[in-house]
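Residue numbers (the numbering used here): 41 to 225. Beta carbons: idealized from backbone N, C-alpha and C, even for Gly.
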């Protein structure tokens, strides 16, 4: 991980949130037109996650101290508004009893650093936490990113080094329809 510095932070300082938000927009903004489901947090939602100490931020910075990668990880499932914590608790009762169910919320790397080691560093950092806790973890990925085989394969390859099982837990399919006739009688 030469020239990179990884830290796990409970809270991003107020004076750095805008820097992280620009990085987030750079990475996630293009998904606004790629998926039907909202994939981009609004500025207030993003800020709330960055200052919530229940959400760990695995941050990779370059030598200049600029953030180039961010992964969020929490075992406080109520901090993730789009998931159903009851499902994970029922699915993994032994892990729930040990308070060892986590969720990965955001994972991003600046487009200029995507071919470098930042992504791997963050995933390895998260996996260390999960392995140490013998945890269950959930994450979501939109179909646009999931069909880009390099993304999914890269994550599964990194996770494969740990002793684990991976399963698709759920899917949600969205449909669109458009009416082309004038039969509105």
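The Cβ atoms of residue 135 and residue 176 lie closer than 8 Å to each other.
In the DSSP assignment, residue 49 falls within the beta strand (DSSP E) that extends over 44 to 49.
Cβ-Cβ distances below 6 Å link residue 95 to 89, 112, 114 and 119 in the same chain, with the five nearest sequence neighbours on each side left out; the list follows chain order. Annotation: residue 57 to residue 108 spans about 13 Å, alpha carbon to alpha carbon.
Residue 116 carries a coil assignment under DSSP once its states are collapsed to helix, strand and coil. For residue 80, the secondary structure class from DSSP, reduced to helix, strand or coil, is coil.
Within the same chain, 45 and 107 come within 6 Å of residue 101 by CB-CB distance, once the 5 residues on both sides are set aside. Residue 123 and residue 180 have their C-alpha atoms spaced approximately 9 Å apart. Distance from the Cα of residue 83 is smallest, within the candidate group 128, 221, 99 and 63, for 63. The straight-line gap separating the alpha-carbon atoms of residue 91 and residue 85 is approximately 10 Å.
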